[in-house]
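Beneath this line is the structure, given in structure tokens, with notes to follow.
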């Protein structure tokens, strides 16, 4: 997928083993799954600098409808509370619309991660209305509220379409509070911030306050929550740090800011991540590192045997320091 | 004789400096400011743990959200770092500001504020110069 190159892996290995810093029950997942994360494909309309899965328009990997159905069967049978749909740009999977219809029908909370730039393409422009009608939670990536900073990461001409997308979502009732959506639905709109370089995200609450103020003043945009996610030393981000001789410095920063209090709430403890090909992982970063669950397995096997236990030992790697620095980090933002 | 002695002494010192430079990894004192030293700041607590803890407790409270936000405090700290001038503090607070979403444009303005204040402080002392000139008049 987007594994670190050998030289980068050697730099990572110079730091204390992450797995040696996790003890007892924290080495295992919880009995129940809160979240099933589905990486439905690596194709993306963008090629961002911080992308840990190295998505781009050139990628072709896509989850099949059969695998999607197996994921949803596990969600129903195991009572999973949240389905987190990610990619790539998940919208580019040919079965994406089928998936969100079926996922919403399970009764689970369904989240879709979107770069929103894709809504510029007429083929995807209708999606906000569909999301609203199904009550899908939209998690939109906006690396910074200032255009120059956002585009330094996402590429030229990506900021205005995101702003247009957010305005459209607001007009549909997203991020406008309880009952503001069609038919009195509450439509949740969350934004994702990640640092524009090799520094850690600051206090999530402070960043959220600034995002809300700036976006409201400049564009009249509102949203619910901001997730501040640390850049993971993996994939495109990790390899480009290494090429510039900066991976060691970033790892020093992450290991120096290691916060043991974030370990019990690492996202891998309460989620399962399914790759586009149905293989099971502890998280999306492990997908990028090509580190499947220690016991291996596929979603097809889990779907075929509802008695198969979900509790498992977690596969830790050096990139896990990206989730335990400072206030911690996960696909849902800070953890401590 | 005197010159010869001085010359030998100078030559020896140069040789010592050269060796010191070659062995700088051992000495780690090739410069007074070393980026690695910032991470060693906590060693200041080794002989005075109580004072260190009090300082760090105070420091942490100062930079927390208060009547000023943590972001505003980080910007002020960077301006103070600029005029101190402390490379460790500049490193720390540029990072802290970036973590808080401060843009490069805003960081640049911080340094211009520091520059204007420092320059203005020098220039306003010109009034003292004028006072002396006036006082010298007969």
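Chains as they are written, first to last, in the numbering used here: chain A, 1 to 336; chain B, 337 to 474.
Think of the CB as a built atom: it goes at the ideal place given N, C-alpha and C, for glycine as much as any other residue.
message: Using a Cβ-Cβ cutoff of 7 Å, what residues of the region 425-449 of chain B are near chain A? List them in chain order.
response: 431, 434, 435, 436, 437 and 439
- prompt: Nearest-angstrom Cα distance between residue 31 of chain A and residue 383 of chain B?
  reply: As a working mapping, residue 31 of chain A is identified with position 31 in the first chain. As a working mapping, residue 383 of chain B is identified with position 47 in the second chain. Each residue's Cα considered, the two are about 47 Å apart.
query: So residue 142 of chain A packs on residue 132 of chain A, CB below 8 Å; how close in whole Å?
result: On the first chain, residue 142 of chain A is found 142 positions in, with the first residue counted as 1. On the first chain, residue 132 of chain A is found 132 positions in, with the first residue counted as 1. In fact, because the Cβ distance is near 19 Å, the residues do not count as touching under 8 Å.
field: Contact set for residue 88 of chain A: own chain, Cβ-Cβ below 6 Å, skip 5 residues either direction
entry: Position 88 of the first chain, counted from the first residue, corresponds to residue 88 of chain A. So the qualifying residues of the chain are 41, 42, 43, 44 and 55.
field: Straight-line gap, residue 363 of chain B to residue 161 of chain A (C-alpha atoms, nearest Å)
entry: To locate residue 363 of chain B, count along the second chain from 1; it is residue 27. To locate residue 161 of chain A, count along the first chain from 1; it is residue 161. Because the pLDDT of residue 363 of chain B is 48, which lies under 50, any placement of that residue in the model is unreliable, and the number read from its coordinates should be weighed accordingly. Whole-angstrom Cα-Cα distance: 55 Å.
task: Compile a chain-ordered list of the residues in the region 180-210 of chain A whose CB is closer than 8 Å to at least one CB of chain B.
output: 193, 195, 196, 197, 199, 200, 201, 202, 203, 206, 207, 209 and 210
Distance between residue 90 of chain A and residue 218 of chain A (C-alpha atoms, nearest Å): The residue labelled residue 218 of chain A in the question sits at position 218 within the first chain. The residue labelled residue 90 of chain A in the question sits at position 90 within the first chain. Answer to the nearest angstrom: the Cα atoms are 29 Å apart.
- request: Taking residue 373 of chain B as the query, report the chain A residues whose CB atoms sit under 8 Å from its CB, ordered along the chain.
  value: Numbered from its first residue, the second chain carries residue 373 of chain B at position 37. Within 8 Å Cβ-Cβ: nothing; residue 373 of chain B doesn't reach chain A, min ~14 Å.
task: Give a yes or no on whether the minimum CB-CB distance between residue 407 of chain B and chain A is below 9 Å.
output: If you number the second chain from 1, residue 407 of chain B lands on position 71. Yes, its Cβ sits closer than 9 Å to a Cβ of chain A.
field: Cβ separation of residue 454 of chain B and residue 430 of chain B, assumed to be a contact under 8 Å, to the nearest whole Å
entry: Looking up residue 454 of chain B in the second chain gives position 118. Looking up residue 430 of chain B in the second chain gives position 94. So it is not a contact: roughly 18 Å between Cβ atoms.
query: Where in the region 95-135 of chain A do unbroken runs of the beta strand (DSSP E), each at least 3 residues long, occur, reported from the N-terminal end onward?
result: 109-114
- request: Could you give the DSSP three-state label for residue 3 of chain A: helix, strand or coil?
  value: Within the first chain, the letter at position 3 stands for residue 3 of chain A. Residue state, collapsed to three classes: coil.
- prompt: DSSP three-state call for residue 312 of chain A: helix, strand or coil?
  reply: Within the first chain, numbered from 1, the residue matching residue 312 of chain A stands at position 312. Of the three classes helix, strand and coil, the one that applies to residue 312 of chain A here is coil, per DSSP.
- request: Give a yes or no on whether 9 Å exceeds the smallest Cβ distance from residue 252 of chain A to chain B.
  value: In the first chain, residue 252 of chain A corresponds to position 252, counting from 1. Yes, its Cβ sits closer than 9 Å to a Cβ of chain B.
message: Any C-beta of chain B within less than 8 Å: which residues of the region 124-150 of chain A qualify?
response: 144, 145, 146, 148 and 149
message: With a threshold of 9 Å between beta carbons, is residue 238 of chain A in contact with chain B?
response: Stepping through the first chain from its first residue, residue 238 of chain A is reached at position 238. It does not; no Cβ of chain B falls within 9 Å.
Nearest-angstrom Cα separation, counted from residue 7 of chain A out to residue 183 of chain A: Numbered from 1 along the first chain, position 183 holds the residue referred to as residue 183 of chain A. Numbered from 1 along the first chain, position 7 holds the residue referred to as residue 7 of chain A. Roughly 55 Å separates the two Cα atoms.
task: Using a Cβ-Cβ cut-off of less than 8 Å, list which residues of the region 370-404 of chain B approach chain A; keep chain order.
output: 375 and 401
field: Close-in-space but distant-in-sequence residues of the same chain around residue 34 of chain A (CB under 7 Å, 5 per side omitted)
entry: Reading the first chain from its first residue, position 34 is the one you call residue 34 of chain A. Same-chain partners within the cutoff: 81, 82, 270 and 271.
field: Start-to-end residues for the alpha helix (DSSP H) that takes in residue 458 of chain B
entry: Taking the first residue of the second chain as 1, we reach residue 458 of chain B at position 122. Taken as a continuous stretch (DSSP letters only), the alpha helix (DSSP H) holding residue 458 of chain B covers 440-460.
field: Residue environment, residue 301 of chain A, which counts as buried when at least 16 other CB atoms sit within 10 Å
entry: Residue mapping note: residue 301 of chain A aligns to position 301 of the first chain, counting from 1. When all chains shown are included, residue 301 of chain A counts as exposed.
- prompt: Is there contact between the region 66-85 of chain A and the region 285-292 of chain A, where contact requires at least three CB pairs shorter than 8 Å?
  reply: no
message: For residue 188 of chain A, tell me which candidate among A:166, A:194, A:197 and A:205 has the shortest Cα-Cα distance.
response: Reading the first chain from its first residue, position 188 is the one you call residue 188 of chain A. Residue A:166 is the option with its Cα nearest to residue 188 of chain A.
query: In chain order, which continuous runs of the alpha helix (DSSP H) of length 4 or greater are located wholly inside the region 135-163 of chain A?
result: 147-154
query: Between the Cα of residue 137 of chain A and the Cα atoms of A:12, A:118 and A:224, which residue gives the shortest distance?
result: As a first step, residue 137 of chain A is located in the first chain; it is residue number 137 there, counting from the start. The shortest Cα separation from residue 137 of chain A among A:12, A:118 and A:224 belongs to A:224.
field: Helix, strand or coil at residue 209 of chain A according to DSSP, with G and I counted as helix
entry: Position 209 of the first chain, counting from 1, holds the residue named residue 209 of chain A. Helix at residue 209 of chain A.
- request: Under 7 Å Cβ to Cβ from residue 152 of chain A, same chain only, skipping five residues before and after it: list those, please.
  value: Position 152 of the first chain, counted from the first residue, corresponds to residue 152 of chain A. The residues are 196.
- prompt: What's the gap between the Cα of residue 410 of chain B and the Cα of residue 425 of chain B?
  reply: For this step, residue 410 of chain B is matched to residue 74 along the second chain. For this step, residue 425 of chain B is matched to residue 89 along the second chain. When rounded, the distance between both Cα atoms is 11 Å.
For residue 125 of chain A and residue 119 of chain A, believed in contact at Cβ under 8 Å, the rounded distance: The residue given as residue 119 of chain A occupies position 119 in the first chain. The residue given as residue 125 of chain A occupies position 125 in the first chain. The pair is a contact, with the Cβ atoms about 6 Å apart (cut-off 8 Å).
- request: From the DSSP output, in three-state form, read off residue 39 of chain A for me.
  value: Position 39 of the first chain, counted from the first residue, corresponds to residue 39 of chain A. Three-state result, residue 39 of chain A: strand.
- prompt: Which partner residues does residue 271 of chain A have in the DSSP bridge list?
  reply: The sequence position of residue 271 of chain A within the first chain is 271, counting from 1. DSSP output for residue 271 of chain A lists A:35 as bridge partner(s).
message: Quick check on residue 279 of chain A: does DSSP put it in helix, strand or coil?
response: For the purposes of this step, residue 279 of chain A is identified with residue 279 of the first chain, where counting begins at 1. Strand at residue 279 of chain A.
message: I need the boundaries of the beta strand (DSSP E) containing residue 86 of chain A, first residue and last residue.
response: Along the first chain, read from residue 1 onward, the residue named residue 86 of chain A stands at position 86. Taken as a continuous stretch (DSSP letters only), the beta strand (DSSP E) holding residue 86 of chain A covers 82-86.
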